[in-house]
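Residue numbers (the numbering used here), protein chains in the order written: chain X, -15 to 615; chain S, 14 to 183.
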């Protein structure tokens, strides 16, 4: 395979990014569960790096590399221009990801990976203009990587391997989009029709150029604004531009993954893809719908007398239309496996579990796509559950399947241990699926997303999920060991023989024990978390009842402190708060009149609470703070 | 919104169980020596498309009426001005009456925020608060008591501490 080295570099770089961003993901989830708690801005900075790293730097980058292999496999070898663009893509992406890591981990940029304008310019003293500029520039490089990749793909699919009878560019685009299956005369090919795997790659190659260019313009604007604050854009427009890119980029992951499924599943099932011509309809729908669904991310944005609500309503049917390519692809792939000689090696198992996850994560996506349901789940952990399942155990599993397939079949390196590879896949599948289910459930319980520490009441479910996160981590350690041994050429461990009943039973037993340990630890965490929550409640009740029927000034002041959100910015030990935006009250110990003045009128970053709190409440909170500060 | 979370839970649980059953059936079918008629299966894909479109249209028709857009503020509504800024809410007034529609007119002074109303841990309603524009959320409370406001759009380091309360009284 001529693109072997190139694809290999994509896979190695993206796997390194997976390990780094996966580690960050584990850190922030365990911090949320209250173990080894990170500072709030550190948490959000790591969340920013984790999101961009895992989504674009791992899953996106890896399937971009696998796309070259898919194309070569179906007879579309990269041509010289495509090869140069593919090289450029690799460098742009690697430098872009490095820049994201520097701007977040070292320069504390924590605007989240969707960097909703104008948040990058309101760092609340946590990060400065250089961090914003470097972050924007780095994302711009990753965006350019996507554009050069699209050009490489389009250059390849529109080449001579298409066998299009008519040579016009429009005609060739139509052929590459699979329109020949619908209008064989208009989009004629000779001798062979376009391979199915080419179609989704063409779709995303076109769409990502359309999707990325406006965002690139916004990022350039952000770099300029970092140094000339007079420049700015309409925040609502910027939000639309962000999602104009932000939705198609999801399909930058899915559509190349579909191309891999279209290639590998028929190979392993030993029969051609079971597809009717109607599958071309799905992709014709996809190429259009993909760039007109962005506003389903802003269903809850509807400023008075703006057109946003109307746009949002139109996006529900277009989003539903995007279910069609998935529904038909799942049908075709499922029917290709149906009653076939499908064996259950590691590649087959991984792809099969991937298809299952695609189906279930797709269905939770239909919920988010429905405005009436999104009102409830928007920006809750439901969304987080939906996309982690989709990204890791569907897209990520295509990447792992690709790695496990390519190593022996393209690079001539048999997997060191096929059974460890299966362990990796099964533990990852169980860990991610269960953890995602917890997120979906927490979301329905109202748990908000992007909270460094969740409001009280979710401790139990967060701790219960944690052992499954650990399971995913253990699985990746297994993966790394196995890859290390494979790549350094260690003697492959003998495959299990049919008669190794004992060995199979022992492995099965160990896996069951691992899963039950996770379940047990999860249950322990659940009850521990619930215990903590109820003891909090008790403390409040006891204090409220303290002595007389009128609560003491301190209790009343403490209630004001907690409910007005003072703890979000201020550290005050007595109230269990550890905010770091405003002065630490235990250290500065402000006198009572000063507290009254600042709470009433505000100063600098501190807002005025005049309208929200009554003079009596302000007096109470001031009395409370001066009574307990420093204690 | 009332009961929507339950509807979602039940619908999604059923969908997951069905998905698992289909997947298990597919798993059980492999290794079978009698290959199916793949042409027939490919032909059937058209009907499958028809089924999928029918389901999606049904879901669309059943749900599209429940959008929060274009609502006009009722004349008897109580207006609450909501000011959002990093990292605090201000509600004027912070006390409303039960059973009478409330129009929360929200506005942000700096970045995007999300105005999310909770009662205890029960989610009630939300709207995105966009800078430089008024966004109005209309809601009628049927229960008296203290309600909590959380920020439902990431707005920076103090996002989680952006809490406020208001009272719904008789």
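Where a beta carbon is used, it is the ideal one built from N, C-alpha and C, also for glycine.
| Check | Outcome |
| --- | --- |
| What are the residues that DSSP puts in a beta bridge with residue 129/S? | 139/S, 163/S |
| Any heavy atom of the ligand HEM within a distance shorter than 6 Å of the CB on residue 295/X? | This structure lacks the ligand HEM, and indeed carries no ligand of any kind. |
| What number of angstroms, rounded off, separates the C-alpha of residue 453/X from the C-alpha of residue 16/X? | 12 Å |
| So the alpha helix (DSSP H) residue 93/S belongs to, where does it begin and stop? | Per DSSP, residue 93/S belongs to no alpha helix (DSSP H); it is in the beta strand (DSSP E), 91 to 98. |
| Out of 274/X, 276/X, 295/X, which one is the CA nearest neighbour of residue 284/X? | 295/X |
| From what residue to what residue does the beta strand (DSSP E) around residue 177/S run? | 177 to 182 |
| What residue range does the alpha helix (DSSP H) around residue 219/X cover? | 219 to 230 |
| Please name the residue in 259/X, 236/X, 289/X whose C-alpha comes closest to that of residue 271/X. | 236/X |
| Closest to residue 249/X by CA distance: which of 392/X, 291/X, 339/X, 493/X is it? | 339/X |
| Between residue 183/S and chain X, is any beta-carbon pair separated by less than 7 Å? | no |
| Among 379/X, 350/X, 558/X, which residue has its Cα nearest to the Cα of residue 367/X? | 350/X |
| Below 9 Å on C-beta distance, what does residue 117/S contact in chain X? | Going along chain X, no residue has its Cβ under 9 Å from residue 117/S, so there is no contact; the nearest lies around 12 Å. |
| If I follow the unbroken alpha helix (DSSP H) through residue 45/X, where does it start and stop? | 45 to 57 |
| Which of helix, strand or coil does DSSP assign to residue 641/X? | Not covered by the structure: residue 641/X. The range shown for chain X is -15 to 615. |
| Consult DSSP for residue 611/X and reduce its assignment to one of helix, strand or coil. | helix |
| Closest to residue 605/X by CA distance: which of 591/X, 589/X, 584/X, 614/X is it? | 584/X |
| For residue 138/X, tell me which candidate among 317/X, 231/X, 51/X has the shortest Cα-Cα distance. | 51/X |
| How would you call residue 478/X, buried or exposed, if buried means at least 16 neighbouring beta carbons within 10 angstroms? | exposed |
| Strictly below 9 Å CB to CB, what residues from chain S border residue 647/X? | Any question about residue 647/X goes unanswered here, given that chain X covers just -15 to 615. |
| Along chain S, which residues have their Cβ under 8 Å away from the Cβ of residue 326/X? | 43, 44 |
| Kindly list, in the order they appear in chain S, the residues whose Cβ is closer than 9 Å to that of residue 35/X. | Near residue 35/X there are no residues of chain S at all, since even the closest Cβ is about 11 Å away, more than 9 Å. |
| Rounded to whole angstroms, what's the CA-CA distance from residue 599/X to residue 580/X? Just pull it up for me. | 9 Å |
| Please state whether the Cβ-Cβ distance between residue 631/X and residue 120/X is less than 7 Å. | Here chain X has residues from -15 to 615 only, and residue 631/X is not among them. |
| With which residues is residue 104/S paired in a DSSP beta bridge? | 95/S |
| Tell me which same chain residues have a C-beta within less than 6 Å of the C-beta of residue 59/X, skipping the five on either side of it? | 145 |
| Run through DSSP, which three-state label would residue 555/X get? | strand |
| Could you tell me whether the region 167 to 177 of chain S touches the region 421 to 430 of chain X, using the rule of 3 or more Cβ pairs below 8 Å? | no |
| To which residues of the same chain is residue 215/X closer than 6 Å at the C-beta, ignoring the five residues directly before and after it? | 208, 209 |
| Tell me residue 1/S's beta-bridge partners as DSSP assigns them. | The displayed coordinates of chain S run from 14 to 183. Any statement about residue 1/S would go beyond what the structure contains. |
| Within 7 Å of any Cβ in chain X, is that where the Cβ of residue 28/S sits? | yes |
| DSSP beta-bridge partners for residue 148/X? | 173/X |
| Return helix, strand or coil for residue -15/X, following the three-state DSSP convention. | coil |
| Using the three-state DSSP reduction, which class does residue 109/S fall into: helix, strand or coil? | strand |
| Buried or exposed: residue 372/X, going by 16 or more other Cβ atoms within 10 Å of its Cβ? | buried |
| Just confirm the distance between the C-beta atoms of residue 326/X and residue 278/X, as a whole number of angstroms; I'd bet it's less than 8 Å. | About 38 Å separates the two Cβ atoms, so there is no contact after all. |
| What span of residues does the alpha helix (DSSP H) with residue 206/X cover, start to end? | 182 to 211 |
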